[in-house]
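Trainee:
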Amino acid sequence: MTTVLLIIHGLLAVALLGAITHQVASVWLPARKPAGSFVGRFRSVPGASYTNAIIVLYVCTAALGGIAIYPEFRLSVRPALEQLGLWKALGAFDLKEHFTVIGLATLPAYWHFWRQPLSEQHARTRAALTALLAFIVWWNFLVGHILNDIRGFGS
Amino acid sequence: MTVPRSSYSVFAIAFAVTFAVVYSIAVWKNYALFTYHPATNEFGLGVEKPREGGLAMYWYGWMATAGIAASVASLAACYLPQRLTSRLWPGLSWAVPLAALVFFAWLLKGYFLR
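Protein chains in written order, with the numbering used here: chain A, 1 to 155; chain B, 156 to 269.
1. For chain A, find out if any of its Cβ atoms is closer than 7 angstroms to the Cβ of B/R269; answer yes or no.
2. Compare the beta carbon distance of A/Q116 and A/A48 with 7 angstroms and say whether it is the shorter of the two.
3. Between A/C60, A/N148, A/Y110 and A/V39, which lies nearest to A/L81 when the distance is taken from Cα to Cα?
4. Could you check if A/H145 is buried or exposed, using at least 16 other CB atoms within 10 Å of its CB as the buried criterion?
5. Do A/T130 and A/V45 come within 7 angstroms of each other at the CB atom, strictly closer than that value?
6. Going by DSSP in three states, B/T195 sits in which element: helix, strand or coil?
7. Closer than 7 angstroms, Cβ to Cβ, to anything on chain B: give me those residues from the segment 58-90 of chain A, in chain order.
8. How many angstroms separate the CA atom of A/V59 from the CA atom of A/T106?
9. Which residue comes first and which comes last in the alpha helix (DSSP H) that contains A/K33?
10. Name the DSSP beta bridge partners of B/M212, please?
11. For B/A255 and B/L262, what's the separation of their Cα atoms in angstroms?
12. Among A/I67, A/L57 and A/Y110, which residue has its Cα nearest to the Cα of B/Y213?
13. Going by the beta-carbon positions, is the gap between A/A62 and A/T100 smaller than 7 angstroms?
14. Around the C-beta of A/V137, are 16 or more other C-beta atoms found within 10 angstroms, so that it is buried, or is it exposed?
15. For A/F141, I'd like the list of residues in its chain whose CB is within less than 6 angstroms of its CB, leaving aside the five on either flank, ordered along the chain.
16. Applying the criterion that 16 or more other CB atoms from any shown protein chain within 10 Å of the CB defines a buried residue, is B/Y234 buried or exposed?
17. Among A/G103, A/A19 and A/V4, which residue has its Cα nearest to the Cα of A/P52?
18. Taking any Cβ of chain A, which residues in the segment 164-184 of chain B have a Cβ under 8 angstroms from it, in chain order?
19. Pick helix, strand or coil for B/L200, following the three-state DSSP scheme.
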């Protein structure tokens with residue numbers, strides 16, 4: 001069952017990663033002219049349209065990981081990593097759990113500053129909040145992936 | 156520049172700031188509101204030692220501590236006079252959480268320096 005939940009957690013994380021990366025690219029590298037290339041089209045999406053999806057995906061991914069999977073990780077996986085002396089991986093995962101919570105707490109502000117119509121006055125705040133969330137999502141995705149590669153559930 | 160802020164705006168900024176600060180302190184000093192014992196699926200009030208040779212999880216308790224404290228503080232901030240809330244810099248909503256990420260990197264540096 002935990003393996004199924006982990007796969008769903010991973011799929012939600014992939015969707016979240018794509019959405020937040022689209023949005024952060026649209027804010028920090030906006031396309032100035034009609035896009036012809038793949039990268040250009042990637043940057044030229046309307047960032048605001050991703051906001052609600054990002055919030056829902058973030059909350060669902062965090063809830064699934066934190067409530068359904070994390071206790072099993074602590075019981076079954078973490079002791080094995082400690083025995084193997086993989087301290088850097090464990091430290092990266094501890095950072096992941098704290099970064100996730102800090103990101104959750106910024107979601108009310110993130111939603112507020114992305115609310116339509118977008119305020120030009122808060123463009124920098126909006127961009128910084130989006131970059132912060134993007135960093136957290138990328139960190140969490142990569143660390144989760146690495147930990148699963150080291151010792152996935154059921155191994 | 157000072158601009159009038161809606162109550163939600165004040166709440167959202169104050170919540171991001173106070174949660175990041177209180178959560179960081181809660182983790183640092185281990186102020187968990189409750190402890191979860193995953194081996195026996197039991198909860199205990201406050202910080203408890205592991206039961207029956209198992210392990211104790213404080214993460215949920217730290218979140219609860221910070222969530223309650225930040226909710227109360229942010230709701231209280233909504234009732235502050237407009238002349239004070241209009242000076243609230245929106246950038247605090249990302250600057251303080253960013254500082255919290257750096258703080259955790261420092262707090263957990265022992266894992267990376269072994």
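For each residue, glycine too, the CB sits at the ideal point set by N, CA and C.
Mentor: Quick look at the numbers:
1. yes
2. In contact: A/Q116 and A/A48 (Cβ atoms closer than 7 angstroms).
3. A/N148
4. exposed
5. no
6. coil
7. Hits within the stretch, in order: P71, R74, L75, W87, K88 and L90.
8. 12 angstroms
9. A/K33 -> no alpha helix (DSSP H), and no H or E assigned at all.
10. As DSSP reads the structure, B/M212 sits in a beta bridge with B/Y191.
11. 10 angstroms
12. A/I67
13. yes
14. buried
15. A13 and L17
16. exposed
17. As written in the sequence, residue 52 of chain A is Asn, which differs from the Pro given in the question. Ranking the options by Cα distance to A/N52, first place goes to A/A19.
18. S164, F166, A167, I168, F170, A171, F174, A175, Y178 and V182
19. strand
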